[in-house]
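Participant: Chains as they are written, first to last, in this note's numbering: chain H, 770 to 902; chain P, 770 to 902. My questions all concern the structure below.
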DNA sequence: ATGCTTTAAGACTATTTTAGTCTTAAAAAG
DNA sequence: CTTTTTAAGACTAAAATAGTCTTAAAGCAT
């Protein structure tokens, strides 16, 4: 029932970038790695995922690096988690309908599905802006 | 961001027992294993945990087995998850305060802590009774 | 008492996921 | 065309999850 460390790192690094966003500066992975104390190569994969999901812009070559693709208020906690570890599930059943097959089982699922929807809408409420403002 | 399979099993087996609760019957592990299609030894550990946390009563020896220790409406989804996998955490930081150390970091934590509290209170809303009624 | 049946506890193993590294390629700038 | 940067994905290490097995202990029946 936990987010992965990669998600934690993602939030940390995004908050850092967002906090300097006014200058529209572009940050190199290596630089972010040191500033945020995140292993360099691992951070590479995280930044790639964030870029693929249109949270960051990445630019290669000299003068390359990463910057936000959206305003901090348009990047929610949910967006970050989803980008890094895929959509939120509460249990396996929600994904694999064959995992359980009893009639009560489905009622367990429908409750866990409600819990999941609430969790998602809760995570959508908070954005990077809430952290840096 | 998922509950473990052991939790899924726990909900399944508890719902089964609760659904027959009126008869105050006592179920053997072996019996439950077959009825709920859960590996026998693994189910043993799950039932033990539920008994330790006062959700089930266990009795040894001939005529022994497991039954509910409380009314189905007094066993919430949260109780079950907590019994099986310990208290809910959203990320490591909530447990290990040294994991992050930036000033913004703490603000990330305080938001994740809110999300966590909401999740817990949501899981407390639903009980076994909601499934079997 | 002494078997027989049941759970308790915990060591052990296997599998899967998470965390992290490394290597090669591709793009951009000078 | 060389340097600097990210992209992609294979690879490895470590940790958590899932599950088994063995030995003990408790309760019932004869």
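For every residue, glycine included, the Cβ atom is placed at its ideal position computed from N, Cα and C.
Rounded to whole angstroms, what is the Cα-Cα separation between residue 899 (chain H) and residue 842 (chain H)?
Facilitator: About 7 Å.
Participant: CB residue 853 (chain P) to CB residue 838 (chain P), shorter than 8 Å?
Facilitator: Going by C-beta atoms, residue 853 (chain P) is not nearer than 8 Å to residue 838 (chain P).
Participant: To the nearest angstrom, how far is the alpha carbon of residue 892 (chain H) from that of residue 819 (chain H)?
Facilitator: Cα to Cα, the separation comes out at about 17 Å.
Participant: Is the number of C-beta pairs between the segment 802-815 of chain P and the segment 775-784 of chain P that are closer than 8 Å three or more?
Facilitator: At 8 Å Cβ cutoff, the stretches touch.
Participant: Across which residues does DSSP place residue 896 (chain H) in a beta bridge pair?
Facilitator: Paired residues: H:845.
Participant: Quick check on the DSSP output: the beta strand (DSSP E) that includes residue 902 (chain P) runs from which residue to which?
Facilitator: Residue 902 (chain P) -> no beta strand (DSSP E), and no H or E assigned at all.
Participant: By the criterion of Cβ-Cβ separation under 8 Å, what are the contact partners of residue 884 (chain P) in chain H?
Facilitator: Near residue 884 (chain P) (Cβ distances below 8 Å), the residues of chain H are 846, 888, 891, 892 and 895.
Participant: Taking buried to mean at least 16 other C-beta atoms within 10 Å of its own C-beta, is residue 797 (chain H) buried or exposed?
Facilitator: Residue 797 (chain H) is exposed by the Cβ-count criterion.
Participant: Cβ atoms of residue 795 (chain P) and residue 846 (chain P): under 8 Å apart, would you say?
Facilitator: It is not a contact, given that the beta carbons lie outside the stated cut-off.
Participant: Looking at chain H, which residues of the segment 781-794 of chain P have a Cβ within less than 8 Å of any of its Cβ atoms?
Facilitator: Residues 781, 784, 785 and 788.
Participant: Against chain P, with Cβ distances strictly below 8 Å, would residue 900 (chain H) count as a contact?
Facilitator: Judged by the 8 Å Cβ criterion, residue 900 (chain H) is in contact with chain P.
Participant: With a cut-off of 8 Å on the beta carbons, I'd call residue 877 (chain H) and residue 772 (chain P) a contact; round off their distance for me.
Facilitator: About 11 Å separates the two Cβ atoms, so there is no contact after all.
Participant: Under the three-state reduction of DSSP, which class applies to residue 883 (chain P): helix, strand or coil?
Facilitator: In this structure, residue 883 (chain P) counts as helix in the three-state DSSP scheme.
Participant: Would you mind stating whether residue 897 (chain P) and residue 844 (chain P) have Cβ atoms separated by less than 8 Å?
Facilitator: Yes, Cβ-Cβ distance for residue 897 (chain P) and residue 844 (chain P) is below 8 Å.
Participant: In angstroms, rounded to a whole number, what distance separates the CA positions of residue 884 (chain H) and residue 801 (chain H)?
Facilitator: Between residue 884 (chain H) and residue 801 (chain H), the C-alpha separation is close to 35 Å.
Participant: For residue 834 (chain H), which of helix, strand or coil comes out of DSSP?
Facilitator: Three-state result, residue 834 (chain H): strand.
Participant: Answer with yes or no whether the minimum CB distance from residue 824 (chain H) to chain P is below 8 Å.
Facilitator: Taking Cβ atoms only, chain P never reaches closer than 8 Å to residue 824 (chain H), which makes this a no.
Participant: Give the DSSP bridge partners of residue 828 (chain H), in chain order.
Facilitator: According to DSSP, which records beta bridges pairwise, residue 828 (chain H) is partnered with H:834.
Participant: Starting from the C-beta of residue 823 (chain H), find all residues in its chain whose C-beta is less than 8 Å away, skip the five residues before and the five after it, and write them out in chain order.
Facilitator: 838 and 839, listed in sequence order.
Participant: What's the gap between the Cα of residue 804 (chain H) and the Cα of residue 894 (chain P)?
Facilitator: C-alpha separation (whole angstroms): 42 Å.
Participant: Beta-carbon of residue 859 (chain P) versus every beta-carbon of chain H: anything under 8 Å?
Facilitator: Yes - at least one Cβ of chain H is within 8 Å of the one on residue 859 (chain P).
Participant: Mind checking who residue 811 (chain H) pairs with in its DSSP beta bridge?
Facilitator: Partner(s): none; residue 811 (chain H) has no beta bridge.
Participant: Determine whether the Cβ of residue 815 (chain H) lies closer than 8 Å to any Cβ atom of chain P.
Facilitator: It does not: the Cβ of residue 815 (chain H) has no partner Cβ on chain P nearer than 8 Å.
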